[in-house]
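K.L.:
In my numbering, the protein residues as written are 79 to 397.
(1) Assuming residue 213 contacts residue 253 under a Cβ cut-off of 8 angstroms, what Cβ separation, rounded to an integer in Å, is found between them?
(2) Hey, out of 104, 217 and 255, whose CA is closest to residue 239's CA?
(3) Taking the runs of the beta strand (DSSP E) that are 3 residues or longer, which of them lie wholly in the stretch 331–376?
(4) Please check the pair residue 33 and residue 193, which I expect to be a contact at CB under 8 angstroms, by giving their CB distance rounded to whole angstroms.
(5) How far does the beta strand (DSSP E) with residue 308 in it extend, from its first residue to its last?
(6) Given that a residue counts as buried once 16 or more other Cβ atoms are within 10 Å of its Cβ, and exposed if not, what is residue 367?
(7) Please work out which residues of its chain come closer than 8 angstroms, Cβ to Cβ, to residue 120, disregarding the five sequence neighbours upstream and downstream, and give them in chain order.
(8) Does residue 100 come out as helix, strand or coil in the three-state DSSP assignment?
(9) Starting from residue 200, trace the alpha helix (DSSP H) in both directions and tell me its first and last residue.
(10) Please state whether DSSP places residue 257 in a helix, a strand or coil.
(11) Where does residue 122 fall in DSSP's three states?
(12) Kindly indicate which three-state DSSP category residue 185 falls into: helix, strand or coil?
(13) Here's the rule: buried if 16 or more other CB atoms are within 10 angstroms of the residue's CB, otherwise exposed. What is residue 242?
(14) Here's the rule I'm using: 16 or more other beta-carbon atoms within 10 Å means buried, otherwise exposed. How should residue 219 be labelled?
(15) Which residue wins for smallest C-alpha separation from residue 307, given the options 257, 325, 316 and 156?
(16) On the CB-based measure, 16 or more other CB atoms within 10 Å of its CB, does residue 394 come out buried or exposed?
(17) Output needed for residue 274: all residues of its chain with C-beta closer than 7 angstroms, excluding positions within five of it in sequence on either side, in chain order.
(18) Does the stretch 109–119 touch the stretch 275–285, meaning 3 or more C-beta pairs lie closer than 8 angstroms?
(19) Compare the Cα-Cα distances from residue 339 to each of 333, 332, 350 and 356 and report the closest residue.
(20) Alpha carbons only, please: which of 317, 229 and 248 is nearest the one belonging to residue 288?
(21) Flag this pair as touching only if the stretch 333–352 and the stretch 172–192 have three or more C-beta atom pairs under 8 angstroms; answer yes or no.
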């Protein structure tokens, strides 16, 4: 595929988006750098259908960067409860702090500034610059990787090559529409299984389509690891004793009953993370050690703090 064909791909994507794109998504209705940032952080490892309600809730609480200035990390984590990948919420807090400390509350507008913010890598920076500032920077999220892999029949993911191909396909005249369009094509047409090739505006240029290869060409996800947890449930009437821990390697800074990793057991409580299968149980304990760090929370408090969703659900069901 020569340079003129690649440039034409960008125009095809832009034209398709303007007619068929998901322009009703909440983060596309009123575009600001702040709103693009929040939506891009939420959309990392999260499907659009799931992210929408969390985005609306977040923007209702913090409609602008300035409104988030005094927010604590716990405040942001509580809005993230149930969305998963809680490190993203911590990154938002850390980035917000850096913006007010180093940029005087001004949201960064250059690539070199953006990638200094916690949680923002090359692809997220490219999305913010293209969508919020109409600057032509490539992106390489999972949807775009899949489209590029099929377009150019690349069976092995070579990061440098994929970045070059992503940059070459850009529509520099309308980066906003192009980036929204290429992500929408990946999400709605060029899906991992059963892609809708006849409906794709790029099918005439797609090497995978020409060779009738319809499977997903990018790497398969790694096998999930099983983790077994035991929570110590301390109760004082309607109150629960909860603590924050970083020992698990996940659910960092979230509130939960004191927990430890244990050997395999037959669990009725299960929860799937993207990289782990969590099996857990509760053990009722009467006497709270005097040196244990944590806080007491009533059941009604649980809705206002950041807990892992499966733990929150179980505590709310507890009589």
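We treat Cβ as the ideally placed atom computed from N, Cα and C, and that holds for glycine. Given the structure is predicted, the values throughout are model-derived calculations rather than measurements.
P.N.:
The short version:
(1) About 6 angstroms; that satisfies the 8 angstroms criterion.
(2) Answer by Cα proximity: 217.
(3) Note on the stretch 331–376: whole beta strand (DSSP E) runs with a minimum of 3 residues are 337–339, 347–350, 354–363 and 373–376, in chain order.
(4) Because the chain is modelled from 79 through 397, residue 33 falls outside the range shown and cannot be assessed.
(5) That run of the beta strand (DSSP E) goes 303–314.
(6) Taking all protein chains shown into account, residue 367 has fewer than 16 neighbouring C-beta atoms within 10 Å of its C-beta and is therefore exposed.
(7) Sequence-distant Cβ neighbours of residue 120 in its own chain, meaning closer than 8 angstroms and more than five residues away, are 129, 132, 133, 136, 161 and 166.
(8) Coil at residue 100, not helix or strand.
(9) It spans 200–211 - the alpha helix (DSSP H) in which residue 200 sits, taken as one unbroken run.
(10) Look at residue 257 here: in three-state DSSP terms it is helix.
(11) If DSSP states are grouped into helix, strand and coil, residue 122 belongs with coil.
(12) Looking at residue 185 - three-state DSSP - the assignment turns out to be coil, as it is neither helix nor strand.
(13) The residue is exposed, with fewer than 16 neighbouring Cβ atoms inside 10 Å.
(14) A buried status is given to residue 219, since no fewer than 16 other beta-carbon atoms sit within 10 Å of its beta-carbon.
(15) Per the C-alpha coordinates, the member of 257, 325, 316 and 156 positioned closest to residue 307 is 325.
(16) Of the residues assessed, residue 394 falls on the exposed side of the cut-off, its CB having fewer than 16 other CB atoms within 10 angstroms.
(17) Leaving aside the five residues that flank residue 274 on each side, the residues in its chain whose CB is nearer than 7 angstroms to its CB run, in chain order, 267.
(18) In short, these stretches do not touch, since the Cβ pair count stays below three.
(19) With distances taken between Cα atoms, residue 339 lies closest to 356.
(20) Closest by alpha carbon: 229.
(21) Contact between the stretch 333–352 and the stretch 172–192 is absent, because fewer than three Cβ pairs lie under 8 angstroms.
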